[in-house]
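J.: Can you read through this structure? Questions will come right after.
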Amino acid sequence: MFLLIISLNLNGYTLKEYNAYHDYTFGDVNVLPGEYVIVSRDADKASFESFWGITLGSNVVFVNSQGAIPQINGDETFSLYNNNGVMIDTTLFTMNSGESWYRESTGSNTWYSRASGEADPGSGASGGNDAGLVITEVSDASSYIYEFIELYYDAGDAPPEFRDWSRLPYTPVAGQECMVMVRIVDNSAVLVDSLFYSIAYQSFDGVWHDSVKSDTFFYTIPPANSEDVVRYFGFAMDDSSNISYSDTFSYTVGDTSTSQYRILFDFTKEEDAGNADWVIDRDWPDPYPPDPSVESDWLGGISAWGFELHSAGWEVKTLPPESSITYGTSSPLDLSKFDVFVIPEPQNPFSYSEKQAIFNFVRNGGGLFMVADHNASDRNNNGWDSPRVFNDLGILDSFGMHLDTTGESPNSVSDTFTIIPDTNNPIIKNDFGVAHGISFHLGNVARIENSYNPSATGVILYGTNLAVVASCTFGNGRVVLIGDSSPCDDGTGSPGNTLYDGWNEYDDRIVFLNASLWLARGGMGVYINQDKKEKTCFITSRAFTFDNSINGVVAVYDATGRIIFEKSSVSKGDIVWFSCSGIYLLRINGEVRRLIVF
């Protein structure tokens, strides 16, 4: 008998606290058999671990309830409800300040108390009783933000589960090996594993793993010929002889002459200032060697990002220092020659012509990838950091996004963020795998302002209405903004720089690679049919001058009725937006006041 246990999705599950009533409803959180869920009152993961003197294992899902629960002052009890509103567990003790209560076994409701300083979040549960998801520990803390509730998913003697498949390159070409990566999770231990593969519909062959990192297993499928179909699936057996088979996956081997996409990394804004090294290599525009065998063959803090895309068949280049950002010129590094433009933590502002080039690129089908950092991350001491540079670019008016700076909060955040409103978002679930969150180490958040761009959305959230990963469409192009550079840091770079490997932390690499792919697939340009000739829409700034202040909603619409600009309470002077030439309507409080032709 072949068994496959599926992870439990907690979306809609609710923790309730009684005496003084409080509750917390989970978003899209997945937990595997044998895993814990720690619900912190109001601490991020790093500070929580520091306070309790622990390092939470890979079998722990950490959730910051943002102050919701628990709120321990004495005489509290707690209950857990599933997404149908049915109570599935409750505590049979009354909480007192300074206490930690833990469950003897998931198979009973016997609880013991101890001093809160003896709590052990993320460990100590006694399972094997097929009890399902239960509360196993509740603890007060000397500092209230570190109070927590621990849940444990006891699915009994469960078989291994395959999770988060990915491969590199995603579409191998003729003569190229393919590395397959998958997490194999078990509530005890995996004893036997194999990857079975078939080339060109021949019989399946099996291979053992090449290596294991934590619970991620790595396998190699040998080279095949162009147009061959390669199929593969996984097998695992645990120490209780429970067996699992995965689904079957496939890919078609590509032609060696085919380059999937072209991506350009900016290096014109001192992206290597201070301790930063946000380049793919120290050779540009083409990294050297041209065909690296490992990521470290290229020397840069984000070389892993470039290396993985190169391995997937992309053409990867750098826009060198002293270059100009252009669109529509004959330069081989002109943005019109690329599918994606990456700006990794710029330290200098864009010129007026560069802003026009970037907006023209996106409007006509390009993908813009912006990587920011926390407030006051000015590395070259010129008064500009990446949040200010991107805000000055005009990301609010055009993309509906704003990065917090001095005087705004929060403008510096650290945590592993796992609130994902749409788990089918292509930045979350795409060819490079499935992401469950992203880890920040002093990053920023984006405020989403849909009045400026209705398509702007938070892909991964901070709290309920701020985003650590955001995206939007603009014209025929796409935009992604990530508020921290540490997730793309691969820990390697120029001598003298202190770098850390965030690329392989949590699901950071999956987010960046999937986002790159989504941007590259954005489109080929906006065209206006005129006498059967295709004409590209070029964007420039448009302005209208008000002689007096306007106390009301001012909006500009294009000829199709789409809102181009909208703002409340406009001061005397100009309103400015970026758009193509054409006919526009100016409305004040919904009434048409002027027809504008550019």
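When we follow full-length UniProt numbering, the leftmost residue of the sequence shown carries the number 1, and every step to the right adds one. Ideal Cβ positions, reconstructed from N, Cα and C, are used throughout, including at glycine.
1) Return the chain-ordered ranges of every beta strand (DSSP E) run that is complete within the stretch 446-531 and spans a minimum of 3 residues.
2) Expressed to the nearest angstrom, what Euclidean distance is found between the alpha-carbon atoms of T91 and L461?
3) Within 10 angstroms of its Cβ, does F432 collect 16 or more other Cβ (buried), or is it exposed?
4) DSSP state of P344, grouped into three classes?
5) Using the C-alpha atoms, what's the distance from N83 back to Y13?
6) If the criterion is Cβ atoms closer than 8 Å, does the pair G453 and C472 meet it?
7) For the beta strand (DSSP E) holding W165, just list the boundary residues, first then last.
8) Can you tell me whether Y352 is buried or exposed, with buried defined as 16 or more other CB within 10 angstroms of its CB?
9) Using a Cβ-Cβ cutoff of less than 6 Å, which residues in the same chain neighbour G74 once the five nearest sequence positions on both sides are dropped?
10) Just to confirm, is the Cβ distance from I221 to E150 under 8 Å?
11) Classify L191: buried if its beta carbon has 16 or more other beta carbons within 10 angstroms, exposed otherwise.
12) Let me check one thing: in DSSP terms, what residues is E99 bridge-paired to?
13) I'd like the span of the alpha helix (DSSP H) that includes Y352, first residue to last.
14) Going by Cα to Cα distance, which pick from E322, F307, F218, Y146 is closest to M181?
15) On a Cα-Cα basis, can you pick out the residue from G552, F338, P287, T418 that is closest to V37?
16) With distances taken from CA atoms, which of V294, S188, W208, Y112 is nearest G128?
17) Helix, strand or coil, according to DSSP, for R282 in the structure here?
18) At which residue ranges does the stretch 393-429 contain complete beta strand (DSSP E) runs of 3 or more residues, listed in the order of the chain?
19) What residue does the beta strand (DSSP E) around residue 638 start on, and which one ends it?
20) Give every residue of the same chain whose Cβ lies closer than 7 Å to the Cβ of D507, excluding the five residues on either side of it in the sequence, and list them in chain order.
21) Thinking V316 and I263 are a contact (beta carbons under 8 Å), I'd like their distance in whole angstroms, please.
22) Give the range of the alpha helix (DSSP H) segment to which H436 is assigned.
23) In the DSSP assignment, find the unbroken alpha helix (DSSP H) run with A46 in it and report its ends.
24) For W503, decide whether its Cβ has a neighbour in chain D, counting only Cβ atoms nearer than 8 Å.
25) Rounded to whole angstroms, what is the Cα-Cα separation between residue 669 and D154?
26) Between which two residues does the beta strand (DSSP E) containing F26 stretch?
27) Can the beta-carbon of D193 be found less than 8 Å from the beta-carbon of I184?
28) Within the chosen definition, does the stretch 162-171 reach the stretch 199-211 through at least 3 CB pairs nearer than 8 Å?
29) Touching or not, the stretch 290-299 and the stretch 244-253, by the rule of three or more beta carbon pairs under 8 Å?
30) Just how far apart, CA to CA, sit Y18 and K429?
31) In whole angstroms, give me the CA-to-CA distance for L335 and V468.
32) If you measure between the beta carbons of I135 and F48, is that distance less than 8 Å?
33) Report the residue from E408, S323, G132 whose alpha carbon sits nearest the alpha carbon of I88.
34) Suppose you measure from the CA of A224 to the CA of L319; what does that come to, to the nearest Å?
35) Could you tell me if G57 is buried or exposed, where buried requires 16 or more neighbouring beta carbons within 10 angstroms of its beta carbon?
36) Less than 8 Å between the CB atoms is what I'm expecting for L8 and N30, so what's the real figure, rounded?
T.: Looking at the coordinates:
1) Qualifying beta strand (DSSP E) stretches, in chain order: 446-448, 457-462, 466-474, 477-482, 527-530.
2) Translated into positions along the sequence shown, residue 91 becomes position 91. Translated into positions along the sequence shown, residue 461 becomes position 461. The alpha-carbon separation between T91 and L461 amounts to approximately 31 Å.
3) Indexing the sequence shown from 1 puts residue 432 at position 432. Around the beta carbon of F432, 16 or more other beta carbons sit within 10 angstroms, so the residue counts as buried.
4) Mapped onto the sequence shown, residue 344 falls at position 344. Strand.
5) To locate residue 13, count along the sequence shown from 1; it is residue 13. To locate residue 83, count along the sequence shown from 1; it is residue 83. Rounded to whole angstroms, Y13 to N83 spans 5 Å at the Cα level.
6) For the purposes of this step, residue 453 is identified with residue 453 of the sequence shown, where counting begins at 1. For the purposes of this step, residue 472 is identified with residue 472 of the sequence shown, where counting begins at 1. For the record, residue 453 in the displayed sequence is Asn; it is not Gly. N453 places its beta carbon less than 8 Å from that of C472.
7) In the sequence shown, counting from the first residue as 1, residue 165 sits at position 165. Element bounds for W165: 161-168.
8) Within the sequence shown, numbered from 1, the residue matching residue 352 stands at position 352. Result: exposed.
9) Within the sequence shown, numbered from 1, the residue matching residue 74 stands at position 74. For G74, the CB contacts under 6 Å within the same chain, skipping 5 residues up- and downstream, are N96, S97 in chain order.
10) For this step, residue 221 is matched to residue 221 along the sequence shown. For this step, residue 150 is matched to residue 150 along the sequence shown. No.
11) Taking the first residue of the sequence shown as position 1, residue 191 is located at position 191. By the C-beta density criterion, L191 is exposed, having fewer than 16 other C-beta atoms within 10 angstroms.
12) In the sequence shown, residue 99 corresponds to position 99, counting from 1. The partner list for E99 (beta bridge, DSSP) reads A115.
13) Taking the sequence shown and counting its residues from 1, one reaches residue 352 at position 352. Its alpha helix (DSSP H) spans residues 352-363.
14) Within the sequence shown, residue 181 is the residue found at index 181, counting from 1. That would be F218, whose Cα lies nearest to the Cα of M181.
15) Reading the sequence shown from its first residue, position 37 is the one you call residue 37. Closest option to V37, Cα to Cα, is T418.
16) Taking the first residue of the sequence shown as 1, we reach residue 128 at position 128. Closest in C-alpha terms to G128, from the list V294, S188, W208, Y112, comes S188.
17) For this step, residue 282 is matched to residue 282 along the sequence shown. DSSP places R282 in coil when its eight states are reduced to three.
18) With a minimum length of 3 residues, the continuous beta strand (DSSP E) runs that stay inside the stretch 393-429 are 401-403, 413-417.
19) Because the chain spans 1 through 598 in this model, residue 638 falls outside it and cannot be assessed.
20) Translated into positions along the sequence shown, residue 507 becomes position 507. Cβ within range, chain order: A435, H436, G437, I438.
21) In the sequence shown, the residue the question calls residue 316 occupies position 316. In the sequence shown, the residue the question calls residue 263 occupies position 263. Yes, they are in contact, since the Cβ atoms of V316 and I263 sit about 6 Å apart, within 8 Å.
22) Indexing the sequence shown from 1 puts residue 436 at position 436. For H436, there is no enclosing alpha helix (DSSP H), since its DSSP letter is neither H nor E.
23) Against the sequence shown, residue 46 aligns to sequence position 46. Taken as a continuous stretch (DSSP letters only), the alpha helix (DSSP H) holding A46 covers 45-52.
24) The displayed structure is made up of one protein chain only, and chain D is not part of it.
25) Residue 669 is absent from the model: the chain starts at 1 and stops at 598.
26) Sequence index remark: in the sequence shown, residue 26 carries index 26 (1-based). That residue, F26, is in no beta strand (DSSP E); it is neither H nor E in DSSP.
27) Walking along the sequence shown from the start, residue 193 turns up at place 193. Walking along the sequence shown from the start, residue 184 turns up at place 184. Yes, the Cβ-Cβ distance between D193 and I184 is below 8 Å.
28) No: the two stretches stay apart, fewer than three of their Cβ pairs being nearer than 8 Å.
29) When Cβ pairs closer than 8 Å are counted between the two stretches, the stretch 290-299 is seen not to touch the stretch 244-253, the count staying below three.
30) Locating residue 18 in the sequence shown gives position 18, where the first residue counts as 1. Locating residue 429 in the sequence shown gives position 429, where the first residue counts as 1. Rounded to the nearest angstrom, the two C-alpha atoms are 38 Å apart.
31) Counting from one through the sequence shown, the residue named residue 335 turns up at place 335. Counting from one through the sequence shown, the residue named residue 468 turns up at place 468. Distance between the alpha carbons of L335 and V468: 26 Å.
32) For this step, residue 135 is matched to residue 135 along the sequence shown. For this step, residue 48 is matched to residue 48 along the sequence shown. If you check the CB distance, I135 and F48 do not come in under 8 Å.
33) As a position in the sequence shown, residue 88 is number 88, starting the count at 1. The option with the nearest alpha carbon to I88 is G132.
34) Locating residue 224 in the sequence shown gives position 224, where the first residue counts as 1. Locating residue 319 in the sequence shown gives position 319, where the first residue counts as 1. In a straight line, the C-alpha of A224 is about 35 Å away from that of L319.
35) In the sequence shown, residue 57 corresponds to position 57, counting from 1. With fewer than 16 other Cβ atoms within 10 Å, it is exposed.
36) The sequence position of residue 8 within the sequence shown is 8, counting from 1. The sequence position of residue 30 within the sequence shown is 30, counting from 1. With a beta-carbon spacing of about 7 Å, L8 and N30 fall inside the 8 Å limit used to define contacts.
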